[in-house]
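For reference, the structure discussed in these notes is given below.
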Amino acid sequence: VIIRIRPLNSSEISLHGHRRCVRQDGPQSITWTCQPQSRFTFDIVADENVSQ
């Protein structure tokens, strides 16, 4: 399973004040940093700099 962390778009940032709730911990794991905090493991984690 591959997961891609999508970058926030400008309206999510400016209009709604959203912030990212996901932190990439390594090439195969992410942490959900909002409450409740959880950690997940995947075959591949692609960060927000990877194109679709």
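The sequence shown begins at 1159 in my numbering and counts up one residue at a time. We put the CB at the ideal spot given by N, CA and C, even for glycine.
Assignment of Ser1168 by DSSP, reduced to helix, strand and coil, places it in the helix class. Collapsing the DSSP output to three states places Phe1200 in coil. Assigned with DSSP and collapsed to three states, Ile1161 falls in strand. Thr1189 is a Cβ neighbour of Arg1197, given a cutoff of 8 Å. Residue nearest to His1176 within the set Gln1182, Ser1168, Asp1183 is Ser1168 (criterion: CA-CA distance).
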